[in-house]
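Chemist: From first to last, the protein sequence lines are chains Z, W, L, B, S and A. The first sequence begins at 300 in this note's numbering and counts up by one. The second sequence begins at 300 in this note's numbering and counts up by one. The third sequence begins at 300 in this note's numbering and counts up by one. The fourth sequence begins at 300 in this note's numbering and counts up by one. The fifth sequence begins at 300 in this note's numbering and counts up by one. The sixth sequence begins at 300 in this note's numbering and counts up by one. Beta carbons are placed, not taken as given, at the ideal position from N, Cα and C, and that holds for glycine. Please read these numbers as outputs of a predicted model, since none were measured by experiment.
6 protein chains.
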Amino acid sequence: MATVEEVLRLDRVQTGILGLDEFLEGGFVRGSTTLLSGRSGSGKTIFGLQFLCHGITKCDEPGIFVSLETRPKELRREALRFGWDLKALEQDRKLILIDAASNKAGLATSEKFALKRGFDIATLAEAIYEAIQSITAQRVVIDSLSGLSIRYSEPSDVRNAVFTISSLLSELGVTSILIGETNNPLAQSKAGVEQFLTQGLIVLNLAEDETGLTRDLLIWKMLQTSHSLKRHKFKIDDSGISLV
Amino acid sequence: MATVEEVLRLDRVQTGILGLDEFLEGGFVRGSTTLLSGRSGSGKTIFGLQFLCHGITKCDEPGIFVSLETRPKELRREALRFGWDLKALEQDRKLILIDAASNKAGLATSEKFALKRGFDIATLAEAIYEAIQSITAQRVVIDSLSGLSIRYSEPSDVRNAVFTISSLLSELGVTSILIGETNNPLAQSKAGVEQFLTQGLIVLNLAEDETGLTRDLLIWKMLQTSHSLKRHKFKIDDSGISLV
Amino acid sequence: MATVEEVLRLDRVQTGILGLDEFLEGGFVRGSTTLLSGRSGSGKTIFGLQFLCHGITKCDEPGIFVSLETRPKELRREALRFGWDLKALEQDRKLILIDAASNKAGLATSEKFALKRGFDIATLAEAIYEAIQSITAQRVVIDSLSGLSIRYSEPSDVRNAVFTISSLLSELGVTSILIGETNNPLAQSKAGVEQFLTQGLIVLNLAEDETGLTRDLLIWKMLQTSHSLKRHKFKIDDSGISLV
Amino acid sequence: MATVEEVLRLDRVQTGILGLDEFLEGGFVRGSTTLLSGRSGSGKTIFGLQFLCHGITKCDEPGIFVSLETRPKELRREALRFGWDLKALEQDRKLILIDAASNKAGLATSEKFALKRGFDIATLAEAIYEAIQSITAQRVVIDSLSGLSIRYSEPSDVRNAVFTISSLLSELGVTSILIGETNNPLAQSKAGVEQFLTQGLIVLNLAEDETGLTRDLLIWKMLQTSHSLKRHKFKIDDSGISLV
Amino acid sequence: MATVEEVLRLDRVQTGILGLDEFLEGGFVRGSTTLLSGRSGSGKTIFGLQFLCHGITKCDEPGIFVSLETRPKELRREALRFGWDLKALEQDRKLILIDAASNKAGLATSEKFALKRGFDIATLAEAIYEAIQSITAQRVVIDSLSGLSIRYSEPSDVRNAVFTISSLLSELGVTSILIGETNNPLAQSKAGVEQFLTQGLIVLNLAEDETGLTRDLLIWKMLQTSHSLKRHKFKIDDSGISLV
Amino acid sequence: MATVEEVLRLDRVQTGILGLDEFLEGGFVRGSTTLLSGRSGSGKTIFGLQFLCHGITKCDEPGIFVSLETRPKELRREALRFGWDLKALEQDRKLILIDAASNKAGLATSEKFALKRGFDIATLAEAIYEAIQSITAQRVVIDSLSGLSIRYSEPSDVRNAVFTISSLLSELGVTSILIGETNNPLAQSKAGVEQFLTQGLIVLNLAEDETGLTRDLLIWKMLQTSHSLKRHKFKIDDSGISLV
């Protein structure tokens, strides 16, 4: 059993987002699951990729990216824009991209790790489990919850699916980001229930004002962490996301 | 039969939240049930744990925590952050954690007190009843109502479930907190009916403004109590929640 | 047939709320039904109890309280806080509490007047009728409409139920308050139809502002009465509700 | 066939509301149907009674009042408050009250003109037709549309019912007011379709502001009439409604 | 095939609304269909009648008015108010009123052109087709879309009906106005889809402000036209609608 | 496999909208799909036509326009207004208009490329595929998503359809614009899910203010691109859309 001292000396996982860790007592709690929520264009996928690539290259923590609606080819191109060479990381067996998108679109895939059309939560869980085992992964990103075949009209379905995945990831000891979409700028999540089932909640805001769009993030929740409540403006440039 | 004098000399139960009792004529009314409502990240679970730990360590009132969506292991870690050693309290038979989360997630549990997947309100009630008996508990926290298998699309279902639990707890003489989620910052509760069925209603606000997030609480209702109507700002630090 | 003069010399029923009668030409119209609507914590039950206790002790008008979601024991305790000894009034056969709450919660009740689980509007009407006859009651409070097994998703069901009860009470010549819940601070009632079926409508507001909560009431409708249209602030203290 | 000149020399029907006719080119167009819409307490029933009583006593135009949710006894009492002695007008065969309320409430009625529970639009139309014939009525008020057994969840049902009644009344050459309820202060009507099917639309506003409630009316539509677009404040006193 | 020059020298159809054509490069595009949307009382029917009468008397373009909810008799009376003698135009075979209202209301009609109760889109289309042929009509007004038996709860039904009618009218080469209702002052149309299926969209606003109601129109869309984006106030007087 | 250098030297596709490319690092990413969303009258179809005509005449990139609700004849007329002679481009085999509108409206079509009534997503995909092959098209516009027989009440249906089309177009290597309708000025898309499935998202705003309507566009998302976040005002004149 963990003693108080052991627990308080919590192992933190660097987020890789420049400037963010200092507002999280050093990063995510190892083994926790965080919901990363935002509108289209807010930077959720970039955040997820940056979290994994930083983990691999700076912390020697292999990672898994489950892509539910972007095909790996596109993802690799997008990542290269920021200098993250996913293909190289995959060849080094530091990264696994699970392609759950191609088959869903009815397209062929030559990816090594791919899920068939119509997979269920249990199959996804198994695939993640195996991928984690095969490269001793310590980080997982699922992009996005909406790509799962969850009926969003039934909040209880969303609740069950998120709870199951979140519990599994927590059990496996990996530190994870679940990406969620939200359409309403005032909402914390799409179905309004996901955020209650993860240990952390970060919302990326992309807000319309008179002159255009502005970016900032809010840390709504991070268990075991005395986190910032400030609105943190951020930018996306060639090196990815960094707080300004 | 209680005389007027006896009743007016109401036994108050300290909430354990620093600075709150003075706005409640000394605390919760013994035997009452309070709905504690708020958005994700607002501090509801911490409030509940603090209420129980304070009760055990300062008032010698054993307590029960029913965890519907957080596994005991995580809860114990979260509590330790504030210096509350749940494990020790459990070993002293002052606290019982009822694990209603693990089985629901399809995970094994080694907890002594656990509910099986798909339990109903009656089973939950029985488990609470037995736990109360076994350690003569005087405080109960249920975290959260949303974790019950209530169809929130049917307010009458929520009404029945909350009414049944609330009446039972009241009958057993324990002082209880029912934790509720709310997604809409202007709503008192999720289904809009829960708050009419408990004797008290406290809402923890986590509101977005231009510079970030702010925390405060409002006491909307507390029967038999001339309570404050003020907006009370509070902070969460190493010792838990305290009014500022 | 009533002459104009007789009708204009309307018998008024004191509300018992300090300061309110002067804004109602002396009180409620004898034989009328008023919907009393408000959010949780707004003071609806206290208003109802005060109306009955004042009637009994100051006007010698016995009363009936139908409690649909609070058990009589709790109600008696709550009333004592304001110095209203319900038990004594019941023993004097001036007051009858109809317990429609205990059985619904699956709890035993030793109350003399109790309704079984699953009662319908007709049974409720009959119970009220008999209680009125037995003590020649002149005032009735039903707390609350939401406790009836009305499907609030069907406004026509609410309409029928409220219309039936309201007509019956009017026929029996008693002056009544129907308590209604409302969740939306801008709405007059829960289903949006109840207020059209009663002769009066008073809304108790409990509104959130920057510094906390404020209380006031508005008289939206009172037939045969030239009523105030002002917003009346009120307070709840040891003597109950009084306008300030 | 009417010539242009005849039509332009339109016969106007005085509304009886003090100060209103001058904003309507003299009153309602003879033979037209007007929807009178408003929230609970806004004065709709008083407006309707005043329209009929004024017609009978000042213009020698007999009238019909169809009461769908207020029993005739109450209506007569309410009218007397303003000095309108309905009973006397009925005995003079100048007014007929059709009681469509009592049977619906399951109460006996001794009214001469009464509709049975569960009547349909056709039966109502027939009853109105006969009443009109029997006293050569020239004015009709239906209070209210919501009392008809229309499924308001189906706007097409409302549309059909209102269209049928409105066309019949127009065919019979009487000038009519259909009273409608609205819950939303910004809406023109309850289902959002009624106002498109009548020749006129007047909304009685009862609005909440910081100091209380205010009354005014807006004439949204009045065919064949160059009507005012101003917001007209009005008061309700011993003589009924008058513009201020 | 039309050359660029021919097409750019577009034939414009005068709207007949005083002051409007200059903001539309001379009027509607010949052969186009425009959705005219607005709340009750906003002047949609007057706009439609003025468009037809102007076409007949000033441009020698016969017209068809399909009345779905106003009976021809009323329409003729309303038109006379503005000096438009529909009866005379009909006798000159310059105008056809299709009465699709009377039978729907269960009333007899002596109109020459009438549709039976329960007609479908195809029957309506055929009736319009024949009327156009019989007087070589060049303008059509359908008042209103809501009068069609479309289930507005199903946007795809509305889409299909509007698309079919709009395409037919376009195919027949007539210039048309489809009148639509909207209840929400911020919406472009009732179902939110109609406006995407016509070549033009004009919204007549009737807005509530502190002093009463104001009228203006906005041209949201007019294909092949460099139209005004200004808010144009207008008035309705004895000569109909004119921009101010 | 593409090297980092190759990928970073991304081929850009000029949008043809005057002034826009400089805010997109030169244009759309070759092979990407962009959702172009806006209210009725906002200029979506003009944007799409301009994108294709510019591609053909300035970049020698043939294009496909799938018209789901405007018939080719109208589209050609609309285009001519801006000096774009679609007919000539079609004869040069640089442009194919796929007429998916006529048959849907029950009208005959003499178009060479036409889809039958009731076609499904697979048939549409095949038609697009063949058209692309036949003229080696490099640009595709689908106007609009709402014209597909998608049940918009089921966001998951929209998601599947958009995902399938978007993936296919991406696979074929063409650069595409999917036109989407939105009714709510604050929403990114109609169903709230389309924007998550394309690589780019541009919203054309047509907003109502006190003096009329204003036009501007926002680039919410453009993968692999450091795009502008500014609100760009634009105008529509004889040469089409240009930023101001």
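Which residues does DSSP list as the beta-bridge partners of Lys489 of chain B?
Modeler: Working through the fourth sequence from its first residue, we reach residue 489 of chain B at position 190. Partner(s): none; Lys489 of chain B has no beta bridge.
Chemist: Does Pro484 of chain S pass the burial test, meaning 16 or more other C-beta atoms within 10 Å, or should it be called exposed?
Modeler: Here the question's residue 484 of chain S lines up with position 185 in the fifth sequence. By the beta-carbon neighbour count (other beta carbons within 10 angstroms, threshold 16), Pro484 of chain S is exposed.
Chemist: Near Arg240 of chain B, which residues of its chain fall below 7 Å by C-beta distance, leaving aside the five closest residues on each side in sequence?
Modeler: Nothing in the structure corresponds to residue 240 of chain B, since chain B is present only between 300 and 543.
Chemist: Among the residues of its own chain, which have a CB less than 8 Å from the CB of Met300 of chain B, if the five just before and after it don't count?
Modeler: Numbered from 1 along the fourth sequence, position 1 holds the residue referred to as residue 300 of chain B. Bear in mind that a pLDDT of 45 at Met300 of chain B, under 50, signals an unreliable position, so the number given afterwards is only what the model happens to contain. If we look at Met300 of chain B and ignore the five residues flanking it on each side, it has no Cβ neighbours.
Chemist: Just list the alpha helix (DSSP H) runs in the segment 359 to 425 of chain Z, keeping only unbroken ones of 4 residues or longer that don't cross its boundaries, in chain order.
Modeler: Taking only runs of at least 4 residues, the alpha helix (DSSP H) segments lying wholly in the segment 359 to 425 of chain Z are 371 to 379 and 385 to 390.
Chemist: Given a cut-off of 7 Å on the beta-carbon distance, is the pair Glu410 of chain B and Asp398 of chain B in contact?
Modeler: Here residue 410 of chain B is taken as the residue at index 111 of the fourth sequence, counted from 1. Here residue 398 of chain B is taken as the residue at index 99 of the fourth sequence, counted from 1. Between Glu410 of chain B and Asp398 of chain B, the CB-CB gap stays under 7 Å.
Chemist: Apart from the five residues on each side of it in sequence, which residues of its chain come closer than 6 Å, Cβ to Cβ, to Pro454 of chain W?
Modeler: Here the question's residue 454 of chain W lines up with position 155 in the second sequence. Correct list, in chain order: Ala490 and Val492.
Chemist: Could you tell me whether the segment 360 to 378 of chain W touches the segment 492 to 506 of chain W, using the rule of 3 or more Cβ pairs below 8 Å?
Modeler: no
Chemist: Return the chain-ordered list of same chain residues with a C-beta closer than 7 Å to the C-beta of Arg392 of chain Z, the five sequence neighbours on each side being excluded.
Modeler: Within the first sequence, residue 392 of chain Z is the residue found at index 93, counting from 1. Correct list, in chain order: Ile434.
Chemist: Less than 7 Å between the C-beta atoms of Ile449 of chain A and Asp456 of chain A, yes or no?
Modeler: Locating residue 449 of chain A in the sixth sequence gives position 150, where the first residue counts as 1. Locating residue 456 of chain A in the sixth sequence gives position 157, where the first residue counts as 1. Taking 7 Å as the Cβ cut-off, Ile449 of chain A and Asp456 of chain A qualify as a contacting pair.
Chemist: Please report the Cβ distance between Gly405 of chain S and Thr463 of chain B, rounded to the nearest whole angstrom; I am assuming they are in contact, meaning their Cβ atoms lie under 8 Å.
Modeler: Against the fifth sequence, residue 405 of chain S aligns to sequence position 106. Against the fourth sequence, residue 463 of chain B aligns to sequence position 164. So it is a contact: roughly 6 Å between Cβ atoms.
Chemist: Examine chain W for any beta-carbon lying closer than 7 Å to the beta-carbon of Arg530 of chain Z, and answer yes or no.
Modeler: Translated into positions along the first sequence, residue 530 of chain Z becomes position 231. By this cut-off, Arg530 of chain Z is an interface position.
Chemist: Could you name the residues of the same chain whose beta carbon sits closer than 6 Å to that of Gln494 of chain B, not counting the 5 residues immediately before and after it, in chain order?
Modeler: Numbered from its first residue, the fourth sequence carries residue 494 of chain B at position 195. So the list reads Leu334, Gln487, Ser488 and Leu500, once near-sequence residues are dropped.
Chemist: Let me make sure I understand the geometry here. Which of S:Val365, S:Lys532, S:Phe322 and S:Ser527 has the alpha-carbon closest to that of Ala430 of chain S?
Modeler: Counted from its first residue, the fifth sequence places residue 430 of chain S at position 131. Just measuring C-alpha positions, the residue of S:Val365, S:Lys532, S:Phe322 and S:Ser527 sitting nearest Ala430 of chain S is S:Val365.
Chemist: Within the same chain, show all residues whose beta-carbon is closer than 6 Å to that of Asp320 of chain S, passing over the 5 residues directly before and after it, in chain order.
Modeler: As a position in the fifth sequence, residue 320 of chain S is number 21, starting the count at 1. Cβ neighbours of Asp320 of chain S beyond the five flanking positions: Gln313, Thr314 and Gly326.
Chemist: Got a sec: is the Cβ-Cβ distance from Met300 of chain A to anything in chain S below 7 Å?
Modeler: Walking along the sixth sequence from the start, residue 300 of chain A turns up at place 1. Note that Met300 of chain A scores 45 on pLDDT, short of 50, meaning its location in the model is unreliable; the coordinates nonetheless yield the value given after this. It does not; no Cβ of chain S falls within 7 Å.
Chemist: Starting from Asp456 of chain B and walking both ways along the alpha helix (DSSP H), at which residues does that stretch end?
Modeler: For the purposes of this step, residue 456 of chain B is identified with residue 157 of the fourth sequence, where counting begins at 1. It spans Pro454 to Leu471 - the alpha helix (DSSP H) in which Asp456 of chain B sits, taken as one unbroken run.
Chemist: Who pairs with Leu351 of chain Z in a beta bridge, going by DSSP?
Modeler: Here residue 351 of chain Z corresponds to residue number 52 of the first sequence, with the count starting at 1. Bridge partners of Leu351 of chain Z: none, in fact.
Chemist: For Val328 of chain W, which option in W:Gln523, W:Trp519 and W:Lys532 has the closest C-alpha, if you only look at C-alpha atoms?
Modeler: For the purposes of this step, residue 328 of chain W is taken as residue 29 along the second sequence, with counting starting at 1. Closest by alpha carbon: W:Gln523.
Chemist: Thr510 of chain S CB to nearest chain B CB: under 7 Å?
Modeler: One-based indexing of the fifth sequence puts residue 510 of chain S at position 211. Answer yes: the Cβ-Cβ gap between Thr510 of chain S and chain B drops below 7 Å somewhere.
Chemist: Grouping DSSP H, G and I as helix and E and B as strand, with all else coil, what is Met300 of chain A?
Modeler: Here residue 300 of chain A refers to the residue found at position 1 of the sixth sequence. In this prediction, Met300 of chain A scores a pLDDT of 45, lower than 50, which makes its location untrustworthy; the coordinate-derived value is nonetheless stated afterwards. It is coil, neither helix nor strand.
Chemist: Where DSSP assigns a beta bridge to Ile427 of chain Z, which residues make up the other side?
Modeler: In the first sequence, residue 427 of chain Z corresponds to position 128, counting from 1. DSSP lists no partner for Ile427 of chain Z.
Chemist: On the three-state DSSP scale, how would you describe Thr513 of chain B?
Modeler: As a working note, residue 513 of chain B is residue 214 in the fourth sequence. Thr513 of chain B: strand per DSSP, three-state reduction.
Chemist: Less than 7 Å separating the beta-carbons of Thr510 of chain B and Arg530 of chain L?
Modeler: For this step, residue 510 of chain B is matched to residue 211 along the fourth sequence. For this step, residue 530 of chain L is matched to residue 231 along the third sequence. Contact: yes.
Chemist: I need the boundaries of the beta strand (DSSP E) containing Asp508 of chain L, first residue and last residue.
Modeler: To locate residue 508 of chain L, count along the third sequence from 1; it is residue 209. Bounds of the beta strand (DSSP E) holding Asp508 of chain L are Gly499 to Asp508.
Chemist: What residue range is occupied by the uninterrupted beta strand (DSSP E) comprising Ile478 of chain B?
Modeler: In the fourth sequence, counting from the first residue as 1, residue 478 of chain B sits at position 179. Secondary structure note for Ile478 of chain B: its beta strand (DSSP E) is the uninterrupted segment Thr474 to Glu480.
Chemist: Any C-beta of chain L sitting closer than 7 Å to the C-beta of Phe462 of chain W?
Modeler: Within the second sequence, the letter at position 163 stands for residue 462 of chain W. For Phe462 of chain W, the answer is yes, since a Cβ of chain L falls inside 7 Å of its Cβ.
Chemist: Going by DSSP, what residue range makes up the beta strand (DSSP E) through Arg438 of chain L?
Modeler: In the third sequence, residue 438 of chain L corresponds to position 139, counting from 1. Arg438 of chain L -> beta strand (DSSP E) spans Arg438 to Asp442.
Chemist: Would you please state the rounded distance, in angstroms, between the beta carbons of Gly342 of chain Z and Ile540 of chain Z? I believe it to be under 8 Å.
Modeler: On the first sequence, residue 342 of chain Z is found 43 positions in, with the first residue counted as 1. On the first sequence, residue 540 of chain Z is found 241 positions in, with the first residue counted as 1. Sure, about 6 Å apart at Cβ, within 8 Å.
Chemist: Does DSSP classify Ser445 of chain Z as helix, strand or coil?
Modeler: Within the first sequence, residue 445 of chain Z is the residue found at index 146, counting from 1. DSSP places Ser445 of chain Z in helix when its eight states are reduced to three.
Chemist: Should Arg338 of chain Z go down as buried or exposed, given a rule of 16 or more other Cβ atoms within 10 Å for buried?
Modeler: The residue you call residue 338 of chain Z lines up with position 39 of the first sequence. Its Cβ being crowded by 16 or more others within 10 Å, Arg338 of chain Z is buried.
Chemist: In chain order, what residues of the same chain lie with their CB nearer than 8 Å to the CB of Gly347 of chain S, ignoring the 5 residues before and after it?
Modeler: To locate residue 347 of chain S, count along the fifth sequence from 1; it is residue 48. The answer, listed in chain order, is Leu335, Phe364, Val440, Asp442, Ile476 and Ile478.
Chemist: Got a sec, what are the start and stop residues for the beta strand (DSSP E) His531 of chain S sits in?
Modeler: Stepping through the fifth sequence from its first residue, residue 531 of chain S is reached at position 232. First-last of the beta strand (DSSP E) with His531 of chain S: His531 to Asp536.
Chemist: Counting only beta-carbon atoms, is Ser541 of chain A nearer than 7 Å to chain S?
Modeler: Numbered from 1 along the sixth sequence, position 242 holds the residue referred to as residue 541 of chain A. Cβ-Cβ to chain S under 7 Å: no for Ser541 of chain A.
Chemist: Taking Ala437 of chain W as the reference, which of W:Asn482, W:Phe533, W:Leu351 and W:Asp537 has the closest Cα?
Modeler: Here residue 437 of chain W refers to the residue found at position 138 when the second sequence is read from its first residue. According to the sequence shown, residue 437 of chain W is Gln rather than Ala. For the residues W:Asn482, W:Phe533, W:Leu351 and W:Asp537, the minimum Cα distance to Gln437 of chain W belongs to W:Leu351.
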